[in-house]
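Position 32, counted from 1, in the sequence shown is what full-length UniProt numbering calls 32; the numbers after and before it change by one each time, with no gaps. Cβ coordinates follow ideal geometry from the N, Cα and C atoms, glycine included. None of the values given here were measured: they were computed from a predicted structure. For reference, the structure discussed in these notes is given below.
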Amino acid sequence: MSLDDLKASLPDYAKDLKLNLGGVLTSPNLTAQQIWGTALASAIASRNDDLLRTIESEAAQHLTPAALTASKAAAAVMGMNNIYYRFVHLSSNPDFKKLPARLRMNVIGNPGVDKLDFELWSLAVSAVNGCGMCIEAHEHEVLTKGATKEAVQDVIRIAAVLHAVAVTLDAERALKG
């Protein structure tokens with residue numbers, strides 16, 4: 001399915017999503033690798049088959065194999081970290097904040113792409129998964145590494161729109177089912 005086919009599959013009530021889908025995948029504040037890596041990581045985190053297949057196909061035209069893999073790795077490791085650190089953050093027991101995570105996260109230290117890009121992708125996934133502690137950590141990292149606030153906003157806009165598209169596609173499938 002192409003991006004145009006995906007837009008066409010959205011119902012009329014999601015017209016804003018159709019318009020936003022095209023708009024967020026371009027940005028003067030982000031490189032093509034940052035845009036498409038964010039899109040792929042966000043699509044993985046949003047868990048809709050049609051969206052994921054479409055975005056992966058489009059992303060493959062803009063990303064090197066290493067960047068494609070790194071984007072998937074960001075979604076994978078943040079899928080784990082977002083659950084763990086959201087629990088630590090939300091637990092009323094302060095002792096959990098003092099315990100080591102004891103989870104392997106080697107890809108964060110050596111993602112195979114520019115660390116800024118990997119951190120942007122991790123930030124997007126953390127936003128989709130709603131982990132405030134991870135959002136704060138990755139936002140700090142990307143700003144420290146030179147990203148602008150506008151670039152951060154664009155990454156979150158991509159994550160927001162792709163997640164909304166996934167929710168809408170899932171709802172339509174359920175209603176037809």
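Proximity to Ala147 [Cα-Cα], best of Asn29, Asn82, Ile83 and Gln61: Here residue 147 corresponds to residue number 147 of the sequence shown, with the count starting at 1. Of the candidates Asn29, Asn82, Ile83 and Gln61, the one whose C-alpha sits nearest the C-alpha of Ala147 is Asn29.
Contacting residues, own chain, Cβ-Cβ under 6 Å from Asn20 (five flanking each side not counted): Here residue 20 corresponds to residue number 20 of the sequence shown, with the count starting at 1. Only Val161 meet the Cβ criterion.
Test item: CB-CB of Leu99 and Thr38 under 8 Å: Locating residue 99 in the sequence shown gives position 99, where the first residue counts as 1. Locating residue 38 in the sequence shown gives position 38, where the first residue counts as 1. No; because the gap between Cβ atoms is not below 8 Å, this pair is not in contact.
Gln153, enclosing alpha helix (DSSP H) - first and last residue: Here the question's residue 153 lines up with position 153 in the sequence shown. Element bounds for Gln153: Lys149 to Lys176.
Alpha-carbon spacing of Gln153 relative to Ile135, whole angstroms: Numbered from 1 along the sequence shown, position 153 holds the residue referred to as residue 153. Numbered from 1 along the sequence shown, position 135 holds the residue referred to as residue 135. Going by the C-alpha atoms only, they are around 12 Å apart.
Reference Ser122; option with closest CA among Ser42, Ala151 and Leu10: Residue 122 sits at position 122 when you count from the first residue of the sequence shown. It is Ser42 whose Cα lies nearest to the Cα of Ser122.
Outcome for Tyr13 when other beta-carbon atoms lying within 10 angstroms are tallied against a minimum of 16: On the sequence shown, position 13 is the one that residue 13 refers to. It counts as exposed.
Under 8 Å between C-beta atoms of Val128 and Ala159: Walking along the sequence shown from the start, residue 128 turns up at place 128. Walking along the sequence shown from the start, residue 159 turns up at place 159. Yes, the pair counts as a contact, with Cβ atoms nearer than the cut-off.
Whole-angstrom C-beta distance between Asn93 and Cys131, which should lie under 8 Å: Counted from its first residue, the sequence shown places residue 131 at position 131. Counted from its first residue, the sequence shown places residue 93 at position 93. Going by Cβ atoms, the distance from Cys131 to Asn93 rounds to 18 Å, so no, they are not a contact pair.
Contact under 8 Å by Cβ, Leu68 with Ala74: For the purposes of this step, residue 68 is taken as residue 68 along the sequence shown, with counting starting at 1. For the purposes of this step, residue 74 is taken as residue 74 along the sequence shown, with counting starting at 1. No, they are not a contact pair.
Rounded Cβ spacing between Leu6 and Asp50 (contact assumed at less than 8 Å): Sequence index remark: in the sequence shown, residue 6 carries index 6 (1-based). Sequence index remark: in the sequence shown, residue 50 carries index 50 (1-based). At roughly 7 Å, the Cβ-Cβ gap stays under 8 Å, so Leu6 and Asp50 are in contact.
Alpha helix (DSSP H) segment containing Gly132, residue limits: Within the sequence shown, residue 132 is the residue found at index 132, counting from 1. Segment Gly132 to Thr144, the alpha helix (DSSP H) holding Gly132.
C-alpha distance - Val177 paired with Val167, whole-angstrom precision: Taking the first residue of the sequence shown as 1, we reach residue 177 at position 177. Taking the first residue of the sequence shown as 1, we reach residue 167 at position 167. Checking the sequence, you will find Gly at residue 177 rather than Val. Their Cα atoms are separated by approximately 15 Å.
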